[in-house]
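The sequence shown: position 201 = 201 (the UniProt record's numbering), numbered continuously.
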Amino acid sequence: VAYLVIFHILFVLFVWTYWKSVFTLPVQPAKKFHMSYADQERYENEERPEVQRQILAEIARKLPVYTRTGNGGIRFCDRCQLIKPDRCHHCSVCAMCVLKMDHHCPWVNNCIGFSNYKFFLLFLAYSLLYCLYIAATVFKYFIKYWTVTLICSYHLFCCFSSQGELTNGRSKFHILFLLFVAIMFFVSLMFLFGYHCWLVSRNRSTL
1 VAYLVIFHIL FVLFVWTYWK SVFTLPVQPA KKFHMSYADQ ERYENEERPE
51 VQRQILAEIA RKLPVYTRTG NGGIRFCDRC QLIKPDRCHH CSVCAMCVLK
101 MDHHCPWVNN CIGFSNYKFF LLFLAYSLLY CLYIAATVFK YFIKYWTVTL
151 ICSYHLFCCF SSQGELTNGR SKFHILFLLF VAIMFFVSLM FLFGYHCWLV
201 SRNRSTL
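Listed below in structure tokens is the structure:
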């Protein structure tokens, strides 16, 4: 009973954080970062790049923007027509600028950024614990499969029928498959979660 309680607690936490990572919408920059219609006209009608940079610098003077481009200019998105705040990037998949964008995750089909980065980290943590718990609870049956003498009665795949455990070859295959998948995901998630924990500790993001 204790195994089932722990399993379902981890499962509910895993599903909840995955749901939040998927369905929490990315946050766009505030309206003050968007160019007004007059500023757009002035910027688009100007053909000289150096004057365009000056226009952007004038607009961004009152904004909390500190990150610059490689040539020292203001970061500007031509598609969204806004001045990018620090750590803001345009996502080509979502077709929008995402505040504090980390990456676009294909596993959750959503941009990981300011609004759902916490849920994404929790999703990785609970997935890690979920896989570890499954591997730990299945491991003893994996050991039995290799160490206990097989008692075959009617056919080659009928074993341990008197004990009610591992009664046929298919159950043994299920144990092996479940342990292999749990360990495989655990190892991959461990590196991914560790990498993101390192990014958080350095106050950095993937992009």
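Ideal Cβ positions, reconstructed from N, Cα and C, are used throughout, including at glycine. Values in this document were obtained by computation on a predicted structure and should not be read as measured data.
Alpha-carbon to alpha-carbon, residue j and residue i
i, j, result
"PHE33", "VAL65", "10 Å"
"ILE112", "PHE193", "14 Å"
"PHE180", "ASN110", "28 Å"
"CYS88", "ALA95", "13 Å"
"TRP198", "GLN40", "40 Å"
"CYS158", "PHE185", "In this prediction, CYS158 scores a pLDDT of 49, lower than 50, which makes its location untrustworthy; the coordinate-derived value is nonetheless stated afterwards. The straight-line gap from Cα to Cα measures roughly 31 Å."
"LEU176", "ILE6", "22 Å"
"PRO26", "THR69", "23 Å"
"THR17", "CYS97", "24 Å"
"TYR117", "CYS91", "15 Å"
"PRO85", "VAL15", "32 Å"
"ILE59", "PHE76", "11 Å"
"GLN28", "PHE173", "48 Å"
"GLY72", "ASP102", "23 Å"
"ALA38", "THR67", "25 Å"
"LYS31", "LEU4", "49 Å"
Beta-ladder partner(s) of residue i, from DSSP
i, result
"ARG68", "ILE74"
"MET96", "CYS91"
"CYS111", "HIS104"
"ILE83", "PHE76"
Given residue i as reference, the closest of the options once Cα atoms are compared
i, options, result
"LEU56", "TYR43, GLU47, LEU207, CYS94", "TYR43"
"CYS105", "SER115, LEU99, PHE114, PHE120", "PHE120"
"ILE83", "VAL93, HIS103, ASN71, LYS62", "LYS62"
"MET190", "MET101, PHE114, PHE123", "PHE123"
"SER188", "LEU207, ALA125, LYS172", "ALA125"
"ALA182", "ARG202, PHE142, PHE76", "PHE142"
"LEU99", "TYR37, PHE23, TRP19, PHE114", "PHE114"
"ASP78", "LEU178, ASP86, HIS103, MET35", "MET35"
"HIS107", "GLU58, VAL22, TYR145", "Checking the sequence shown, residue 107 turns out to be Trp, not His. Nearest of GLU58, VAL22, TYR145 to TRP107, Cα basis: VAL22."
"LEU178", "LYS140, HIS196, LEU207, VAL1", "LYS140"
N- and C-terminal bounds of the beta strand (DSSP E) containing residue i
i, result
"HIS103", "103–105"
Boundaries (first-last residue) of the alpha helix (DSSP H) holding residue i
i, result
"ILE203", "It should be noted that the sequence gives Asn, not Ile, for residue 203. Unbroken run through ASN203: none, as it is neither H nor E."
"ASN45", "37–45"
"residue 213", "Since the displayed the chain opens at 1 and closes at 207, residue 213 lies outside it and no answer follows."
"ARG53", "49–60"
Three or more beta-carbon pairs under 8 Å between the stretch 131–145 and the stretch 35–53, yes or no?
no
Inspect the CB distances between the stretch 123–132 and the stretch 10–20 and report whether three or more fall short of 8 Å.
yes
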